[in-house]
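Written out below as structure tokens is the structure these notes cover.
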Amino acid sequence: MRVVRLKGTSFQIKVWRALKKIPKGQVVTYKELAKQIGQPTAVRAVANACGQNPYPITIPCHRVIRSDGGLGGYSGRGGVKTKKRLLEKEGYFRTLKS
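Quick note: to get this note's numbering, add 14 to the position in the sequence shown (first position is 1).
The following block contains the structure:
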């Protein structure tokens, strides 16, 4: 297993560590993730931390979607199209809004 040394703010690192706990084939919303890390009003900051994710596959920010079911953004190569493809590959087949 590759060891990744994270560089970011303490908030970003908290978000990135929480992202690693989301199982394949499942998603959470940015709002749910904010609650999970004990910052229920920091939804936009959580989304920004996802956008600053330095390792988008290793730290699976593609497993976070908007509360309305939309995909939101994706910092990895290929953007939202890649996010949708990754979710489908992991078995998340609910109708996804782009």
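Backbone N, C-alpha and C fix where the C-beta goes; we use that ideal spot for every residue, glycine too. Small disclaimer: the values here were computed from a predicted structure and weren't measured.
Taking residue i as part of the alpha helix (DSSP H), name the residues at either end of that continuous run.
i: K28; result: S24 to L33
i: R19; result: Premise fails: R19 is in no alpha helix (DSSP H) and is neither H nor E.
i: K103; result: G93 to K103
Contact check, residue i vs residue j under 8 Å by CB: the rounded distance?
i: G87; j: V94; result: 7 Å
i: Q66; j: Q26; result: 6 Å
Nearest to residue i by CA position, among the options, is which residue?
i: S24; options: A63, R99 and R77; result: A63
i: G90; options: K35, K28, K103 and P74; result: P74
i: P37; options: R77, S81 and T96; result: R77
Bridge partners for residue i per DSSP, in chain order?
i: I79; result: T43
Which value, in whole angstroms, describes the spacing of the CA atoms of residue i and residue j?
i: T96; j: I71; result: 10 Å
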